[in-house]
Structures are given as C-alpha cells and as structure tokens.
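Residue numbers (the working numbering), protein chains in the order written: chain W, 1 to 148; chain D, 1001 to 1475.
For each residue, glycine too, the CB sits at the ideal point set by N, CA and C.
Data first, discussion second: the structure below is written as structure tokens.
See the structure below:
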C-alpha cells in the first residue's frame, strides 16, 4: 500500500461518516511541499503501471523500475533528495523512501571523507587528535576509495 | 543483499551529473534529517562503508551502530595487509555495536564465509543475535567441519526468514517452534535423519515460502522429501541426484494453498504432487537420469502435469519439452486457463512440439522464449517442419497479444519462428526481442540485419503490432 498516511486519513474519514465524494476531499499535508509531492505521485503511478504491465513477473518489474529510477535520478538534485526522503517518510511511502535512501547511499559509496562531508554539509567537530585516532582505529574501513 | 547492492550501484551512475552541484548545496540540508532516516540511508551501504562514516562528525560517531542489520561478507572484511582477519574485524564491529548505552538489537544477520570458514565463530555470532528479536538469519558458509545448529534457534519466536546454505547438521528437537517463520530456504548437505526435514516443516505454522536444494550424498540411501504444509504459497524444489547408484529420493507434495511451484530435478519413480487446486504458476525442469528419454518417461511427466492443467502460467525447460514429445497422444490435457507459456534453456527448435502445446492452450496470450548462451545445441530444424501447417493453433490467431524472445542471435531457426508468429498472430500487440549484453561485433551485425529484416520485410497479420528491441545492445 503506497501513501499509507493518506489511506489512514481516508479510513479515519470513513469512520466519522463523512460522505463527501473522494474526488472532492482535500487532505491536509502540512509537512510536504508541492514539488516533492509531485515527484512522489509520479513515482507511485509509474510503479503501479509497471507492476500491472508485468503481471506476475517480478524480475521484469524490477528491471523496468530500475530503468525508470535511473532516468528519474538524472533530473533530481542531491539537495532535493532530503525533501523527497522527508516527504516519503511522512507519507509512509515505503518503496519511494527505500529508493531515495538508496540514491543517497550510492552517491556517497566509495567516496573520501572530505567528499562525504561536503555532500552532507558537515564540519568536523572533533577535538585535535581525536580524528587521527579514529582514522587509525578504523583504518580497515577506509580502503577502496574512488577519486573524487 | 546482492540484489540491493546491484540497485544501489545502478543509482550511482545516474547521480554523476548531479554530483557537481554537491558543493553548492545548502550546508545544513541533510542535518534536518532525523537519526532514523540517516540510519535508513546507512542501511544501504556495506558495513565497511557504514562504519567509515563514524569519522564524519561527532553526530555520526555512533550512527552506524543504530543500523539493525549486519551483512558480514568475508571477502569484504579481511585485511591481511593490516594483519586483520575476518574474525578480528567482525569482533571489533560486534563489540563497538554493543558498547553504546542502549545497543540496537539486530533484526537481520547475514554471513557469507566461503573460504577457511571456522564454524565455531558462526555459531557464536548466531547465538549472540538470536535472543534479541532476530527476524532474518541468512548463512551461506563453506565449512569443512560440520556445524551443529544451535538449539536456541529452534525456539525463536521472532524469526521471519531463515536461509541456510552450508554444511550444517539439522536436527530439530521435537518441540521446536517457529511461530513467525514465513520464509525458509535450505541448501544443506546434512540432515540428521530423514525425519529432520519433516520435523522442521511441522514446526512452522505460518510458513509461506519454501526453497529446498537437496544434495544427496553417495551413501545417503533413501531420502524422503515430504512437504505437507497447509499455509505454503510458494515452493522451489531442486533435487538432482548424481549418486543414483547408491542413493535415491522420493518427493511427496501436498500443499492445498500453493500458488507457485518450481520443480527442477531428476524424474524418479516416486514424485507425487497432490491437492494443488490453487496452483497459478508452474515451472518445470525435469531431466532423465540416464540421459535418453522414452515414451514411459514422457507418460510419467504427463501424469505429473495433468492434474495441474488448470494453471495460468507454465514454464518448461527444453529438456522437459523434449521428454514430453515422446507421448503427444490423446491423453494430453487441455490447458484451459493458460495465459502465459514460456520455454527456456538451450532452444533447439522443435516447432512441431511448440505448435502441439499451443494447440492445447486455447486462451494463451503471452508466449515467451528464453535462450541460454550456449545457443547452438542440437540439430538445426529441417526446413520442412517449418512449412505452413494446415492447423494453426487457435490461440495464435485469436488470443496471442505478446511474444517475448530473450537471447536473440538472429539465426535461421529464430527467424523462422518469428516469421511464423508474425504471419499468424492477428491480435499481436507486442513482439519484444531482447539481446544478450555481451555479443561479438560480427554477432551484433547479424542481429542488426536480422532485426531490420523482421521490421521491414516479414509480413504481419496484426495491424497494431509493435516490435520492441533495445537498440543500444546492438550498436
């Protein structure tokens, strides 16, 4: 079930016996901007369409989703990813949340510490020498890094 | 796990153009994300990369310890140049994870250890994880010494998925219980006795997904594979017996809720499928132990398939189709509900066999072929058998909407097949041709020419047919 938060709203409405038609119900989403919401709706529609096209074939569905996701990522800025992640989380849209988190993970995979700090907008707030100690302690995890 | 990594990698190549803008991003943008979402991001990294983030800033110091999954892959986590073995590094990871005030209990533990595996440590780590609400346990190990499975596992109330591959000794106690287990995959070399498998299945009241790879040792004797699980929906059973002189197996499946069945194995005397009235999809890859099939073998396979003729989707390997050919008599059932038919394997064309089966599936809409790379196996089909048959299978002209050919090489038999289908399928909407990624340039040229012939020269009886293929694969 996509957009679980919205479904919950509809369920609550039904429980209160509100009989207004679904097409005219306005659902307040105070925590979601219109731009990320538009992207999430498109993602959701596309996912459902691909699923329907491929009936029972899970492999084909995954392959087509991958292709669509690759196209989508070309149009999304890294900073938009935060908004998308927060929106998907608020709407309880699991597949989109997984996808956007994966996208961020892939952006920082095999990158140097400096690059990742820049990507997340972080400053090192360690005391003198503490960072050196950490580097030594975790030396085994710092191998295989890409050039920036 | 490997599936997830593949998708993460494919995301990577697309963010490359957006990456340049990272330096101009609003500095605090990601700090607005709560810990739970940051750990969600970390859960998509390997454990090595996740641990490396501890150096980013003081907030990130222990963030990685909050990820409730551990995927420990031996080839990723040993550093001989630093004099650190897999066991050293995993010990370090484990200790640090538990050194914070409220350690995050593990939900998923997976270990892949295929060289120099010490089962003692696997046992230790499993015992440490089980009491804290472990939901998913996946072990893929290659151990010389047998690993007796820890008893505490058999009483886990939280385990939802259990996947084991390796030299384990499975000996479930009689009061074993897995009240939450929905997924069970076993690729084991050792069952303590022939009752162990039934014992573990009886212990799973909500099991839905079962995958069994059965390996028969030389002196195993008789091994009974009895699956009577009323809640089971999906089943994959693979049992090839190469030690047939000294060992044998029997299969008995009685699973009334089953929807998907994949059976790959040697056809032996005792294979019984019963009570499968809800079956939707069947995949069959049956082989004859001695290689050469007879009419009796064919009848046995038809006996197996006949009660399952209500399925909507059927997939047959070419070897299975070849066996079935020996008994194409009147006792062959009609597949009244069949919506999708697929042939896979080394496709040497038995057009008459394909045509015969199509004639038994009056409502077929999807026809698919998946060719394996060792393509030119068997004899090329004589031209005469492609000649216009007097009886075109009804489904081809009235129902077939989709045809998919995977692994196209543009050779003579494939072209004939495509020609026949296009000529006859009046309501065909899509003909999708997929090409293997790694072709030589002469092969690519042949495929390009073949595709252009198909598009431009082959007559098509369907006005709305679209021929789809990935151009990039043949450039």
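Open item on the list: Whole angstroms are fine: how far does the CA of residue 1267 of chain D sit from the CA of residue 1261 of chain D?
Closed with: 16 Å
Task: Interface partners of residue 1048 of chain D on chain W, CB under 7 Å - done: 141
Open item on the list: Suppose contacts are defined by Cβ-Cβ distances below 7 Å. Is residue 1263 of chain D in contact with residue 1276 of chain D by that definition?
Closed with: no
- [ ] Find out if the Cβ-Cβ distance for the pair residue 1182 of chain D, residue 1153 of chain D is shorter than 7 Å.
- [x] No; because the gap between Cβ atoms is not below 7 Å, this pair is not in contact.
Task: Segment limits, alpha helix (DSSP H) that includes residue 1415 of chain D - done: 1412 to 1424 is the span of the alpha helix (DSSP H), which, as asked, contains residue 1415 of chain D.
Task: Cα-Cα separation, residue 1288 of chain D to residue 1258 of chain D - done: 26 Å
TODO: Could you tell me which residues DSSP puts in a beta bridge with residue 1044 of chain D?
DONE: Partner(s): none; residue 1044 of chain D has no beta bridge.
- [ ] Excluding the 5 residues preceding and the 5 following residue 88 of chain W in the sequence, name in chain order all residues of the same chain whose CB lies nearer than 7 Å to its CB.
- [x] 40, 96, 97 and 100
- [ ] Please name the residue or residues paired with residue 1235 of chain D in a DSSP beta bridge.
- [x] D:1210 and D:1261
Open item on the list: Spatial neighbours of residue 81 of chain W within its chain, please: C-beta separation below 7 Å, excluding the five flanking residues on both sides.
Closed with: 100, 103 and 104
Task: residue 1099 of chain D classed as buried or exposed, judged by whether at least 16 other C-beta atoms fall within 10 angstroms - done: exposed
Task: Under 7 Å between C-beta atoms of residue 1308 of chain D and residue 1282 of chain D - done: A contact, by the Cβ cut-off of 7 Å.
TODO: Examine the Cβ distances between the region 1105 to 1115 of chain D and the region 1060 to 1076 of chain D and report whether three or more of them are shorter than 8 Å.
DONE: yes
Open item on the list: For a contact defined as C-beta to C-beta under 9 Å, what are the partners of residue 92 of chain W on chain D?
Closed with: Going along chain D, no residue has its Cβ under 9 Å from residue 92 of chain W, so there is no contact; the nearest lies around 13 Å.
Task: For residue 1300 of chain D, the three-state DSSP class (helix, strand or coil) - done: helix
TODO: Establish whether the CB of residue 148 of chain W and some CB of chain D are separated by less than 7 Å.
DONE: Interpretation of residue 148 of chain W is limited by its pLDDT of 45, a score under 50 that renders its predicted location unreliable; no figure is taken from the coordinates.
Task: Contact set for residue 1315 of chain D: own chain, Cβ-Cβ below 6 Å, skip 5 residues either direction - done: Scanning its chain for C-beta atoms nearer than 6 Å, with the 5 sequence neighbours on each side dropped, one finds around residue 1315 of chain D the residues 1283 and 1342, in chain order.
Open item on the list: I want to know whether the region 1141 to 1153 of chain D touches the region 1166 to 1180 of chain D - three or more CB-CB distances under 8 Å.
Closed with: yes
Task: Cross-chain neighbours of residue 1045 of chain D in chain C, by beta carbon under 8 Å - done: As a matter of chain content, chain C is missing from the structure shown, whose protein chains are W and D.
Task: Contact list for residue 1120 of chain D against chain W, beta-carbon separation under 9 Å - done: In chain order: nothing, as chain W lies at least about 22 Å away.
Open item on the list: Contact criterion: CB-CB distance below 7 Å. Does residue 39 of chain W meet it with respect to chain D?
Closed with: Closer than 7 Å to the CB of residue 39 of chain W there is not a single CB belonging to chain D.
Task: Spatially closest choice to residue 1425 of chain D from D:1177, D:1438, D:1397 and D:1184, by CA coordinates - done: D:1397
Open item on the list: Assuming contact is defined by CB atoms lying nearer than 7 Å, are residue 1429 of chain D and residue 1464 of chain D in contact in what I supplied?
Closed with: yes
TODO: Report the option in D:1243, D:1208, D:1250 and D:1240 whose CA atom is closest to the CA atom of residue 1225 of chain D.
DONE: D:1250
- [ ] Assuming residue 1058 of chain D contacts residue 115 of chain W (C-beta within less than 8 Å), just tell me the rounded distance between them.
- [x] Incorrect: roughly 19 Å between the Cβ atoms, too far for contact.
- [ ] Determine the DSSP secondary structure at residue 63 of chain W, reduced to helix, strand or coil.
- [x] helix
- [ ] With a 10 Å radius around its C-beta and 16 neighbouring C-beta atoms as the bar for buried, classify residue 1246 of chain D as buried or exposed.
- [x] exposed
TODO: Give the single residue among W:132, W:124, W:107 and W:93 whose Cα lies nearest to the Cα of residue 44 of chain W.
DONE: W:93
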